[in-house]
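Each protein sequence line maps, in turn, to chains G and P.
Yeah, the first sequence ends on 110 if you go by this note's numbering, and it's all consecutive.
Yeah, the second sequence ends on 115 if you go by this note's numbering, and it's all consecutive.
Quick reminder that beta carbons are idealized off the backbone N, C-alpha and C, glycines included.
Working notes, beginning with the structure itself.
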Amino acid sequence: QKEVEQNSGPLSVPEGAIASLNCTYSDRGSQSFFWYRQYSGKSPELIMFIYSNGDKEDGRFTAQLNKASQYVSLLIRDSQPSDSATYLCAVKEYGNKLVFGAGTILRVKS
Amino acid sequence: GAGVSQSPSNKVTEKGKDVELRCDPISGHTALYWYRQRLGQGLEFLIYFQGNSAPDKSGLPSDRFSAERTGESVSTLTIQRTQQEDSAVYLCASSLDGTGNEKLFFGSGTQLSVL
Numbered sequence: 001q002k003e004v005e006q007n008s009g010p011l012s013v014p015e016g017a018i019a020s021l022n023c024t025y026s027d028r029g030s031q032s033f034f035w036y037r038q039y040s041g042k043s044p045e046l047i048m049f050i051y052s053n054g055d056k057e058d059g060r061f062t063a064q065l066n067k068a069s070q071y072v073s074l075l076i077r078d079s080q081p082s083d084s085a086t087y088l089c090a091v092k093e094y095g096n097k098l099v100f101g102a103g104t105i106l107r108v109k110s
Numbered sequence: 001g002a003g004v005s006q007s008p009s010n011k012v013t014e015k016g017k018d019v020e021l022r023c024d025p026i027s028g029h030t031a032l033y034w035y036r037q038r039l040g041q042g043l044e045f046l047i048y049f050q051g052n053s054a055p056d057k058s059g060l061p062s063d064r065f066s067a068e069r070t071g072e073s074v075s076t077l078t079i080q081r082t083q084q085e086d087s088a089v090y091l092c093a094s095s096l097d098g099t100g101n102e103k104l105f106f107g108s109g110t111q112l113s114v115l
């Protein structure tokens, strides 16, 4: 079993819709969770992080964490074509090692 | 510098040759990470430095891979006797204090192609 799992997609949503991206992780002791966005040919950039169970909102982005289910999600409201990218879920494991999932490709169609 | 700098940006080498990849982190960042990203894949953790020491080398794929960091700044990743499966983008990232709870700043990567 991979340490951090994501559906590779592509996930296609129409412009203005809500995009929902999901991630599960295997290390029950993980405490910190991150979502990075990576445009094609570019390096990843951090868009959200979450440490506590529940929701965390930042503009059009909401991160959701459920530690009991070992599940993290990212919601993007009012999706724009510029949101089209690969979204990488990352989990901090013991010893500060940050483990990334393989990423979900999001395509927002105008 | 203003951001994480990696060099070279592209490297083409022949199978069996050694290569050295360089990373210049953001000034003052104590933590430095190396990741590998194969085409269409996620980021594969290689090694992590806190200052000049490497608490976690668990991701290095084989003894052909080594890394060092000097002066709490520049890091070099060396791949000896390169193989075709080493072809990938090698990404370096730095963060302020290495607790793992803070933002990683990534460089633009080195695209390595082994012929």
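Just the Cα atoms here: how many angstroms apart are residue i and residue j?
i: P:Ser-73; j: G:Gly-59; result: 35 Å
i: P:Phe-150; j: G:Ser-43; result: Examination of residue 150 of chain P is not possible in this model, given that chain P is present from 1 through 115 alone.
i: P:Asp-47; j: P:Pro-25; result: In the sequence as presented, Asp is not what sits at residue 47 of chain P; that position holds Ile. Rounded to the nearest angstrom, the two C-alpha atoms are 15 Å apart.
i: P:Asp-97; j: P:Ile-79; result: 27 Å
i: G:Gln-6; j: G:Phe-100; result: 10 Å
i: P:Gly-28; j: P:Gln-37; result: 26 Å
i: P:Gln-41; j: G:Arg-28; result: 24 Å
i: G:Tyr-51; j: P:Pro-55; result: 23 Å
i: P:Arg-3; j: G:Phe-34; result: In the sequence as presented, Arg is not what sits at residue 3 of chain P; that position holds Gly. Their backbone Cα atoms lie some 20 Å apart in a straight line.
i: G:Gly-16; j: G:Ser-79; result: 5 Å
i: G:Ala-90; j: P:Gln-83; result: 28 Å
i: P:Arg-69; j: P:Val-12; result: 24 Å
i: G:Tyr-25; j: P:Asp-63; result: 29 Å
i: G:Ser-111; j: G:Lys-92; result: Outside the shown range of chain G (1 to 110) lies residue 111 of chain G, about which nothing can therefore be said.
i: G:Glu-45; j: P:Gln-50; result: 21 Å
i: G:Ile-47; j: G:Ile-76; result: 11 Å
i: G:Tyr-71; j: G:Leu-21; result: 11 Å
i: G:Ser-8; j: G:Gly-103; result: 6 Å
i: P:Leu-115; j: P:Lys-15; result: 6 Å
i: G:Pro-81; j: P:Leu-91; result: 26 Å
DSSP three-state label for residue i, please.
i: P:Asn-10; result: strand
i: P:Asp-18; result: coil
i: G:Ser-82; result: helix
i: P:Asp-86; result: helix
i: G:Asn-22; result: strand
For the beta strand (DSSP E) holding residue i, just list the boundary residues, first then last.
i: G:Leu-46; result: 45-50
i: G:Val-108; result: 104-109
i: P:Thr-70; result: Run containing P:Thr-70: none; DSSP gives neither H nor E here.
i: G:Tyr-36; result: 32-38
i: P:Val-4; result: Per DSSP, P:Val-4 belongs to no beta strand (DSSP E) and is neither H nor E.
i: G:Lys-62; result: Correcting the residue identity first, residue 62 of chain G is Thr in this sequence and not Lys. Here the beta strand (DSSP E) through G:Thr-62 covers 61-66.
i: P:Gln-41; result: It is not in any beta strand (DSSP E) - P:Gln-41 carries neither H nor E in the DSSP assignment.
i: P:Arg-110; result: In the sequence on display, residue 110 of chain P carries Thr and not Arg. Unbroken beta strand (DSSP E) run through P:Thr-110: 110-114.
i: G:Pro-137; result: The first residue shown for chain G is 1 and the last is 110, placing residue 137 of chain G beyond what the model contains.
i: G:Tyr-71; result: 71-76
i: G:Lys-56; result: 54-58
i: P:Ile-118; result: Only positions 1 to 115 of chain P appear in the structure, and residue 118 of chain P is not among them; the question remains open.
i: P:Ser-189; result: Nothing can be reported for residue 189 of chain P, as the shown portion of chain P is limited to 1 through 115.
i: P:Leu-96; result: That residue, P:Leu-96, is in no beta strand (DSSP E); it is neither H nor E in DSSP.
i: G:Leu-98; result: 98-100
Under 8 Å from any heavy atom of the ligand PLP, does the C-beta of residue i make it?
i: G:Glu-5; result: Because no ligand of any kind appears in the structure shown, any question about the ligand PLP cannot be addressed here.
**Study point:** Selection of the stretch 82-104 of chain G by Cβ proximity to chain P, strictly under 7 Å
**Key:** So the list reads Leu-88, Lys-92, Gly-95, Asn-96, Lys-97, Leu-98, Val-99, Phe-100, Gly-101, Ala-102 and Gly-103, given in the order they occur along the chain.
**Study point:** Residues of the stretch 26-44 of chain G with Cβ closer than 7 Å to any Cβ of chain P, in chain order
**Key:** Ser-32, Ser-43 and Pro-44
Point to revise | Residues of the stretch 38-63 of chain P with Cβ closer than 7 Å to any Cβ of chain G, in chain order | key: Gln-41, Gly-42, Leu-43, Phe-45, Tyr-48, Pro-55 and Asp-56
**Study point:** Near-chain P residues of the stretch 44-70 of chain G - C-beta to any C-beta below 9 Å
**Key:** Pro-44, Glu-45, Leu-46, Phe-49 and Tyr-51
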